[in-house]
Amino acid sequence: MSATRSRRSPQVFRAVYQDAESGTITPLSKTVNIKPRLEAKSGENVILWNDIKMVFKNPLHVRHEDTVVPYLTDDNLAFLQPLRIPVFPGDILDVVIEYPVINPSIESLRINPSIESLRINPSIESLRNKDSPTASSTSPINLSNRTSTDMEPTASTVTPPITTSNVSLNSQVKRGPEDRGEPLKSSASPISVSIGRAPQFIPNYNDHSNDFYNHTQPDVEHTSDIFSGDRQEDAQEDEVRDMNENYERGRAFYDGKGVLQDYSKAMKCFLRAAIQGHIISQCYLGYMYEKGKSIQQNYPKAIEWYEKAASQGNIAAQHNLGAIYNNGDGVTQDYFKAIAWYQMAAIQGHATAQFQLGFMHHQGYGVTQDYSKAFEWYQKAASQGDADAQRNLGLMYNNGYGVTRDYLKAVEWYQKAAIQGHSAAQIQLGFMYHNGHGVIQDYSKAAEWYQKAASQGDYRAQRSQLI
Numbered sequence: 386m387s388a389t390r391s392r393r394s395p396q397v398f399r400a401v402y403q404d405a406e407s408g409t410i411t412p413l414s415k416t417v418n419i420k421p422r423l424e425a426k427s428g429e430n431v432i433l434w435n436d437i438k439m440v441f442k443n444p445l446h447v448r449h450e451d452t453v454v455p456y457l458t459d460d461n462l463a464f465l466q467p468l469r470i471p472v473f474p475g476d477i478l479d480v481v482i483e484y485p486v487i488n489p490s491i492e493s494l495r496i497n498p499s500i501e502s503l504r505i506n507p508s509i510e511s512l513r514n515k516d517s518p519t520a521s522s523t524s525p526i527n528l529s530n531r532t533s534t535d536m537e538p539t540a541s542t543v544t545p546p547i548t549t550s551n552v553s554l555n556s557q558v559k560r561g562p563e564d565r566g567e568p569l570k571s572s573a574s575p576i577s578v579s580i581g582r583a584p585q586f587i588p589n590y591n592d593h594s595n596d597f598y599n600h601t602q603p604d605v606e607h608t609s610d611i612f613s614g615d616r617q618e619d620a621q622e623d624e625v626r627d628m629n630e631n632y633e634r635g636r637a638f639y640d641g642k643g644v645l646q647d648y649s650k651a652m653k654c655f656l657r658a659a660i661q662g663h664i665i666s667q668c669y670l671g672y673m674y675e676k677g678k679s680i681q682q683n684y685p686k687a688i689e690w691y692e693k694a695a696s697q698g699n700i701a702a703q704h705n706l707g708a709i710y711n712n713g714d715g716v717t718q719d720y721f722k723a724i725a726w727y728q729m730a731a732i733q734g735h736a737t738a739q740f741q742l743g744f745m746h747h748q749g750y751g752v753t754q755d756y757s758k759a760f761e762w763y764q765k766a767a768s769q770g771d772a773d774a775q776r777n778l779g780l781m782y783n784n785g786y787g788v789t790r791d792y793l794k795a796v797e798w799y800q801k802a803a804i805q806g807h808s809a810a811q812i813q814l815g816f817m818y819h820n821g822h823g824v825i826q827d828y829s830k831a832a833e834w835y836q837k838a839a840s841q842g843d844y845r846a847q848r849s850q851l852i
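For the sequence shown, the working numbering gives the first residue as 386, with consecutive numbering after it.
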């Protein structure tokens, strides 16, 4: 018997999803080792199908590169029992799984509140929406999408004035901006603004969405202890540090906690940790390459590092890849790929990804326009306090998209977003009070909500003749 067989080296597997139409393979998990079994009769190492099913939920089949791995058979081509497949030493086998049904409870989708958002400076023109279908005669029909301003990655933020887009009534699947039709004028709505772009996210110390190892936050008061060896640092010392320490040093340099902020040193530390397999560091590298922090902006490198983290389940990286393809940043804008990445983050509870899926179903970007699915995803995000989703739920109830028109519920959702400072929701709420929709007509309250939006610099409210 060979030494390889006697040792029975583990077979490496990973879970993937295969798109039925394009055949595209999308990794869904980090790699997993399964120890093979030794067949007494043949002396060959094999992997039992039951062992695969113990690790992966709803497996369909196993692939080796572009080939489906068949079950082993006897001389009569009958499957050997229990079912088994051969091993492929040194290779990674893909376990194609049935994509999960996306109908989880709201509680199971709750995002870790410690995950902090990082808003980035948008390039609105790159995603200028040319659609402006005829609006309902009762109210503005605008959909919020994300816009953003530069903020530090550790600052939890409430979204500032949100750009909007009118609802598309065209059910045709839209892959990119070239599929958008000519604009139609709307005389009923005082609000008509083009869409913004999706924001990026960076996880903080306490993001345990991929807690394959313990990520601990260094004690800020003693952060300098981590850097005590800097004055005599050399390559040998660097190699001794484990990935958690490299990550902690990177975060300290990135945030300027206990040391002077230094993106160059932060990237150096993140790179060491990322090479060692630290998932959040891989996400940080992706972000730093994307934004050009301490290094020349490089989208291919950003995507490369994001994909490493995203393939291991990191929801921030999954969302950011969705945003890259949604915005067309350094790549050809591709709504299909954007949806694929957003969906991976959304089913793990990422509120912004849930909102983006709702928006894309609402607009028909990359999917057939479906108000019911849009409503479903908005509701998941809104239940987590996402102001954009709350505002868009108000719009759907206001206009009867995917639900029965209900002004009372529209006002309820507008108000949830408005009290968070959502200027577009504040304008909508003012509009409802002005027209007596779902509330007693009250010009004073209408003006009050318009004024709140105007005080945030919302030019739509400022130019309103009602103020």
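We put the CB at the ideal spot given by N, CA and C, even for glycine.
In this text, all values refer to a predicted model and were calculated from it rather than measured experimentally.
DSSP beta-bridge partners of residue i
i: T458; result: F464
i: I664; result: I664 is not bridged to any residue.
i: A400; result: V480
i: H807; result: The partner list for H807 (beta bridge, DSSP) is empty, contrary to what the question assumes.
i: H449; result: T452
i: N430; result: L423
i: V417; result: F398
i: P412; result: V401
i: I812; result: Beta-bridge pairing links I812 to no other residue.
i: R469; result: L433
i: P444; result: I482
Rounded distance between the beta-carbons of residue j and residue i, thought under 8 angstroms
i: F441; j: I470; result: So it is not a contact: roughly 13 angstroms between Cβ atoms.
i: Y639; j: A651; result: 4 angstroms
i: P421; j: V431; result: 6 angstroms
i: Y632; j: I665; result: 7 angstroms
i: F740; j: A687; result: Wrong, their Cβ atoms sit about 22 angstroms apart, outside the cutoff.
i: G743; j: N711; result: Actually they do not touch by this definition, with Cβ atoms about 13 angstroms apart.
i: I468; j: T458; result: At residue 468 the sequence reads Leu, which differs from the Ile that was named. In fact, because the Cβ distance is near 10 angstroms, the residues do not count as touching under 8 angstroms.
i: Y786; j: I812; result: Not quite, the Cβ-Cβ distance comes to about 19 angstroms (not below 8 angstroms), so this is no contact.
i: K415; j: R399; result: 7 angstroms
i: C654; j: G635; result: 3 angstroms
i: A723; j: G751; result: 6 angstroms
i: F760; j: V788; result: 6 angstroms
i: Q396; j: V472; result: 5 angstroms
Residue i burial status per 10 Å Cβ neighbour count (16 or more: buried)
i: I660; result: exposed
i: L423; result: exposed
i: E450; result: exposed
i: G734; result: buried
i: T753; result: exposed
i: S649; result: exposed
i: P412; result: buried
i: Q646; result: exposed
i: G677; result: exposed
i: N514; result: Low confidence applies to N514: its pLDDT is 33, below 50, so where it sits in the model is not reliable, and the reading given next is rough at best. Per the 10 Å Cβ criterion, buried.
i: K426; result: exposed
i: A637; result: buried
i: G842; result: exposed
i: N435; result: exposed
i: N699; result: buried
i: N784; result: buried
i: G866; result: Lying before the first or after the last residue shown, residue 866 is absent from the chain, which here runs from 386 to 852.
i: I825; result: exposed
i: A463; result: exposed
Residue closest to residue i, alpha-carbon to alpha-carbon, out of the options
i: Q800; options: L478, G823, Y402, P455; result: G823
i: T452; options: D479, N435, F816; result: D479
i: M817; options: G842, Y782, K415; result: Y782
i: M439; options: A831, I419, Q841; result: I419
i: Y792; options: A809, H807, N820, S768; result: N820
i: Q703; options: V472, N683, M729; result: M729
i: H746; options: Y763, I732, T737, G715; result: Y763
i: G770; options: M673, G806, T789; result: G806
i: Y684; options: N705, G715, L656; result: G715
i: Y828; options: A839, S840, A838, L814; result: L814
i: S840; options: A736, A809, A701; result: A809
i: V401; options: P395, R448, A731; result: R448
i: Q697; options: Y727, A731, G662; result: G662
i: D476; options: G779, V417, N461; result: V417
i: A738; options: E689, Y756, N705; result: N705
i: N629; options: L656, G643, K642; result: L656
Margin query: Is it the case that the segment 689-698 contacts the segment 716-724, given that we only count it when at least three CB pairs across the two stretches are under 8 angstroms?
Written below: Fewer than three pairs of CB atoms, one per stretch, sit closer than 8 angstroms, so the segment 716-724 makes no contact with the segment 689-698.
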